[in-house]
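So the sequence lines, in the order shown, correspond to chains A and B.
Position one of the first sequence corresponds to residue 3 (the numbering used here), numbered consecutively onward.
Position one of the second sequence corresponds to residue 3 (the numbering used here), numbered consecutively onward.
Just below is one structure, and these are the notes that go with it.
2 protein chains.
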Amino acid sequence: MVIGMNTSTRSATKRAEILQVASRLFYEQGYHQTGVQQIIAEAGAAKGTFYTHFKSKEELGLAWLSARHTTWNGWLQDAIRDQPTARGKILGIFEFLGTWMEDCHYRGCAFLNTLCEMPDCDPAIRAEIANHKRELKELFQSLVAQHQPEASQADSQQLGTVLFLLFEGTLIELQNFREPWPLDGARQHVESLL
Amino acid sequence: MVIGMNTSTRSATKRAEILQVASRLFYEQGYHQTGVQQIIAEAGAAKGTFYTHFKSKEELGLAWLSARHTTWNGWLQDAIRDQPTARGKILGIFEFLGTWMEDCHYRGCAFLNTLCEMPDCDPAIRAEIANHKRELKELFQSLVAQHQPEASQADSQQLGTVLFLLFEGTLIELQNFREPWPLDGARQHVESLL
DNA sequence: TTTTGATGACCGACCGGTCGGTCGTTCATC
DNA sequence: GATGAACGACCGACCGGTCGGTCATCAAAA
């Protein structure tokens, strides 16, 4: 029993180690710039071990994005959980951009980076990216609906969409310019809208 | 004289052919997904010819973005030139997104794609990308200033920044979802702002 | 006017290295 | 003995880049 757990633990650990190292490298260097050899070297695994856990590099990429979705949403929820109002939560999402950007490893959104990097990738990867962004858009829309309960659903969805698009634009331009003004401009506009 | 011109013409043509083919492939497949071998094969050139005209693949990438800046700005100017008012021009920029997206080869913004693809690239490439976006932001800001001559410069710059960020978010989400709703949402918001 | 030598665009074989992926083997666990 | 995780040598293809050489052009020498 205990030994059996050790076995599966070792296996699970190896797979997890590979995934963890790959996640860091994919994010920091990009998917195409990161080779399987580098991943296994830094994870201390052999080539064969890699391919017992992942049938291809692309499947590892998909596992990375899938895990990243959970991780990133956790960060976001941590950042806005303590905000009592919907308005505070919406502004908190933009504030979160600021703290995230200050991270020395900030390299923008993993999903957008992958989207831009892989024009004709596996449909499963495209779906993972679209799903991540769709959920974020719907978060904005539901928060707007909370903040403006008297508004029509169409109006809430419209404003939520705009906030989402503004967030995405801010995200990408923070990555581009590495300066705080996109966030300042977006924050000010959002405050005036709500 | 004439023969001399033929010589330089032939050279210029070869270089131009390589650059033209590379521009298409870089945009459609991405920079890293496109190899020098494929470029020269489709351009009908030899490896050595490539390296007489470009000292490296990266220099070709820079030449691509530099030319793309001119080309894309030309498209944009063509799209908004006939608009008599600043408001019309601003809305025209967003309309331009729609016609651009309908292009069967639409793959988003070459500059953002390259930014996302190359986290630690040549500073000259980063500068080319930042410059392209800076000019677009300033176009929005100057159009806002024309549209609201009574507003303070700070207010014009603020609104121009927001329009720019909204444009960028729309751009990237059109690429992501390949659906018209991001553009519809952005257009509606811009109309209500102006 | 003809010959010659320098120039440089163009060519394609070739370089070392890396790519993603396979496979036969070892070895711990049950 | 059976199972399967872990290993690492190995595969062909491709990567960006180099290099020796051909040939057309053209200015200078004969």
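For every residue, glycine included, the Cβ atom is placed at its ideal position computed from N, Cα and C.
Treat the numbers as computed from the prediction; the structure is a model and nothing was measured.
Practice task
Report the rounded CA-to-CA distance for glycine 63 of chain A versus glutamate 19 of chain A, giving the unit in angstroms.
Solution key: Rounded to whole angstroms, glycine 63 of chain A to glutamate 19 of chain A spans 14 angstroms at the Cα level.
Practice task
Would you identify the three-state DSSP class for glycine 110 of chain B, choosing helix, strand or coil?
Solution key: Glycine 110 of chain B: coil per DSSP, three-state reduction.
Problem - Cβ-based burial, threonine 11 of chain B [other Cβ within 10 Å; buried from 16] - result: Interpretation of threonine 11 of chain B is limited by its pLDDT of 38, a score under 50 that renders its predicted location unreliable; no figure is taken from the coordinates.
Practice task
Would you check if the stretch 100–111 of chain A and the stretch 143–163 of chain B touch, i.e. whether three or more CB-CB distances between them fall below 8 angstroms?
Solution key: Fewer than three pairs of CB atoms, one per stretch, sit closer than 8 angstroms, so the stretch 143–163 of chain B makes no contact with the stretch 100–111 of chain A.
Practice task
Could you check if glutamine 79 of chain A is buried or exposed, using at least 16 other CB atoms within 10 Å of its CB as the buried criterion?
Solution key: By the neighbour-count rule (16 or more Cβ atoms within 10 Å), glutamine 79 of chain A is not buried but exposed.
Handout entry: Contacts that glutamine 160 of chain B makes with chain A (C-beta to C-beta distance below 8 angstroms)
Key = Residues of chain A passing the Cβ test: Gly187, Gln190, His191.
Problem - CA nearest to the CA of glutamine 177 of chain B, picked from A:Trp183, A:Leu117, A:His134 - result: Ranking the options by Cα distance to glutamine 177 of chain B, first place goes to A:Leu117.
Practice task
Flag serine 10 of chain A as yes if its beta-carbon sits less than 8 angstroms from any beta-carbon of chain B, otherwise no.
Solution key: With a pLDDT of only 36 at serine 10 of chain A, under 50, the local geometry of the prediction cannot be trusted, and the value read off the model is given with reservation. False, the Cβ-Cβ gap to chain B never drops below 8 angstroms.
Handout entry: For alanine 48 of chain B and phenylalanine 142 of chain A, the rounded distance between their alpha carbons
Key = A direct Cα-Cα distance of roughly 53 angstroms separates phenylalanine 142 of chain A from alanine 48 of chain B.
Practice task
Determine the extent of the alpha helix (DSSP H) in which phenylalanine 169 of chain A is found, giving its start and end residues.
Solution key: For phenylalanine 169 of chain A, the enclosing alpha helix (DSSP H) starts and ends at 155–179.
Exercise for the section: Please report the residue range of the alpha helix (DSSP H) in which methionine 103 of chain A lies. Expected result: From DSSP, the alpha helix (DSSP H) with methionine 103 of chain A extends over 88–104.
Exercise for the section: Quick one: using the 10 Å Cβ neighbour count with 16 as the cut-off for buried, is proline 184 of chain A buried or exposed? Expected result: When all chains shown are included, proline 184 of chain A counts as buried.
Handout entry: DSSP three-state assignment for serine 68 of chain A, whether helix, strand or coil
Key = In the displayed model, serine 68 of chain A falls within a helix according to three-state DSSP.
Handout entry: chain A contact for leucine 117 of chain B (CB, 8 angstroms cutoff)
Key = It does: the Cβ of leucine 117 of chain B has a partner Cβ on chain A nearer than 8 angstroms.
Exercise for the section: Just mark threonine 163 of chain A as buried or exposed, buried being the case when its beta carbon has 16 or more other beta carbons within 10 Å. Expected result: If you draw a 10 Å sphere on the C-beta of threonine 163 of chain A, you find 16 or more other C-beta atoms in it, and that means buried.
Exercise for the section: Run down chain A in chain order and give the residues with a C-beta less than 8 angstroms from the C-beta of tryptophan 183 of chain B. Expected result: Listed along the chain, the chain A residues whose CB falls inside 8 angstroms of the CB of tryptophan 183 of chain B are Thr163.
Problem - Nonlocal neighbours in the same chain, by C-beta distance under 6 angstroms from serine 25 of chain B, ignoring five residues either side - result: Counting only Cβ-Cβ distances below 6 angstroms, and skipping sequence neighbours, we find Trp66.
Handout entry: Whole-angstrom distance between glutamate 137 of chain A and isoleucine 174 of chain A, CA atom to CA atom
Key = Distance between the alpha carbons of isoleucine 174 of chain A and glutamate 137 of chain A: 18 angstroms.
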